[in-house]
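Enquirer: Questions regarding the structure given below will be posed in turn.
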Amino acid sequence: MIKNIIYRTLWVLVFVFAIGLLVWSNMKYNNSHCTDIVVKMPVSNYPSLISEEDIKTSILKEMPAIIGQPLEQINLEDLETFVAMNAQLKQVKTFININGEIQINANARKAILRVFDTKGQNVYLGEGLCLMENSPKHAQRILVASGHIPHLTKSEQKQVLLGNQDLPQIYNDLYKLGNLLQEDPFLESLIDQIYVFKNGEIELTPKVGVKKIYFGKMEQSEEKLFKLKAFYLSGKGIVDWQKYQSINIKYSKQIVCSKK
Numbered sequence: 020m021i022k023n024i025i026y027r028t029l030w031v032l033v034f035v036f037a038i039g040l041l042v043w044s045n046m047k048y049n050n051s052h053c054t055d056i057v058v059k060m061p062v063s064n065y066p067s068l069i070s071e072e073d074i075k076t077s078i079l080k081e082m083p084a085i086i087g088q089p090l091e092q093i094n095l096e097d098l099e100t101f102v103a104m105n106a107q108l109k110q111v112k113t114f115i116n117i118n119g120e121i122q123i124n125a126n127a128r129k130a131i132l133r134v135f136d137t138k139g140q141n142v143y144l145g146e147g148l149c150l151m152e153n154s155p156k157h158a159q160r161i162l163v164a165s166g167h168i169p170h171l172t173k174s175e176q177k178q179v180l181l182g183n184q185d186l187p188q189i190y191n192d193l194y195k196l197g198n199l200l201q202e203d204p205f206l207e208s209l210i211d212q213i214y215v216f217k218n219g220e221i222e223l224t225p226k227v228g229v230k231k232i233y234f235g236k237m238e239q240s241e242e243k244l245f246k247l248k249a250f251y252l253s254g255k256g257i258v259d260w261q262k263y264q265s266i267n268i269k270y271s272k273q274i275v276c277s278k279k
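Each residue of the sequence shown is one higher than the one before, starting from 20 at the first, in the working numbering.
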């Protein structure tokens, strides 16, 4: 009987303590102000187009009075949405830590290739088919695509990011091709540039060997890259590379070499 009374009393005390702690935490939160903005990005195995300092700077530019502002007046959901609208980021999480700081955890989006469109604008095409602005501070040496690639305005790029608009098909094709090349270390080190013709066919510029590789349309792209790699690794014609102008791999199950 006495044990039961003690047991119940302890549970009541624990409950009262928990309620008191909750009330105290809430009062502390209501009376607290934002002391700083802390951005944390894990180190990735690929170069980033944005830094932690860049993110903090963009927030302070958009919300200059946020540091020192009462925490209860800060809409974390709106802040997280603002940060997530940067296409260079993914998996953005925002919360208030125990120090009264607004902490933002985010991952950098991987760039697949750099695209120069018909108007000369250059953007990065990143994982998830996102268009990322060129950053002079964080330029990357990466596969380049140019030629007849449709221009997208800033507004159109934003609609693509929001999921309200689809990218032109050639962007999807370039994204697929860029991924295929990145997935194979040999091909990634071999191919330097991609050029898109008006009819949608693709030409590759290698770093070694012939000057041009005619790839054609994206149909059977895996097969084309497989036979290209096999051709280079087989050693056929390597002694006479200088005699050839181009390689054509767009036809099924064959490679056509053209002399200068």
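Idealized CB from N, CA, C, for every residue including glycine.
Predicted, not measured: the structure shown is a model, and the values here were computed from it.
Does K195 come out as helix, strand or coil in the three-state DSSP assignment?
Expert: helix
Enquirer: Got a sec, what are the start and stop residues for the beta strand (DSSP E) Y214 sits in?
Expert: 210–215
Enquirer: Once the 5 residues before and after Q107 are set aside, which same chain residues still bring their CB inside 7 Å of it?
Expert: L68, I69, A127, R128, M151
Enquirer: Could you tell me how far apart the beta carbons of K269 and K230 are, in whole angstroms, since I believe they sit closer than 8 Å?
Expert: The beta carbons of K269 and K230 sit about 16 Å from each other, so the pair does not count as a contact at 8 Å.
Enquirer: What did DSSP end up calling H167 once you bin it into helix, strand or coil?
Expert: coil
Enquirer: Can you tell me which of the three DSSP states I123 falls into?
Expert: strand
Enquirer: Between T224 and E120, is the Cβ-Cβ spacing less than 7 Å?
Expert: No.
Enquirer: For E175, which residues in the same chain have their Cβ closer than 8 Å to its Cβ, ignoring the five residues on either side in sequence?
Expert: Hits under 8 Å: Q184.
Enquirer: Across the stretch 210–229 and the stretch 162–174, are there enough close Cβ pairs to call them in contact, namely three or more that are closer than 8 Å?
Expert: yes
Enquirer: Rounded to a whole number of angstroms, what is the C-alpha to C-alpha distance between F245 and I86?
Expert: 55 Å
Enquirer: How would you label G197, buried or exposed, when you count the other beta carbons within 10 angstroms and need 16 or more for buried?
Expert: buried
Enquirer: Assuming I56 is part of the beta strand (DSSP E), what are its boundary residues?
Expert: 56–59
Enquirer: With V102 and A125 assumed to form a contact (beta carbons below 8 Å), what rounded beta-carbon distance in angstroms separates them?
Expert: 7 Å
Enquirer: Leaving out five residues on either side along the sequence, give the residues of the same chain with a beta carbon under 7 Å from the beta carbon of S271.
Expert: Q239
Enquirer: Looking only at C-alpha atoms, which of L186, P61, L95, E241 sits nearest to F114?
Expert: Among L186, P61, L95, E241, the Cα nearest to that of F114 is on L95.
Enquirer: To the nearest angstrom, how far is the alpha carbon of E220 from that of K195?
Expert: 14 Å
Enquirer: Could you tell me which of Q88, N218, A249 sits nearest to H52, measuring between CA atoms?
Expert: Checked all of Q88, N218, A249; the closest Cα to H52 is Q88.
Enquirer: Hey, would you say K177 sits closer than 7 Å to L206, going by beta carbons?
Expert: no
Enquirer: Taking all protein chains shown into account, decide if L181 is buried (16 or more other Cβ within 10 angstroms of its Cβ) or exposed.
Expert: exposed
Enquirer: Could you tell me the boundaries of the beta strand (DSSP E) in which K109 lies?
Expert: 108–115
Enquirer: Could you give the residue range of the alpha helix (DSSP H) that holds A158?
Expert: First-last for A158: undefined, no H or E at that position.
Enquirer: When you compare only the Cα positions, how much space is there between S44 and P66?
Expert: Residue confidence for S44 is low, a pLDDT of 48 falling below 50, so the modelled location carries little weight and cannot support an answer.
Enquirer: Comparing alpha-carbon positions, which option in I123, N218, Y251, K75 lies nearest P61?
Expert: I123
Enquirer: Could you tell me the alpha carbon to alpha carbon distance between M104 and K278, rounded to whole angstroms?
Expert: 50 Å
Enquirer: Roughly how many angstroms separate the alpha carbons of K173 and G139, rounded to a whole number?
Expert: Straight-line Cα distance between these residues: approximately 14 Å.
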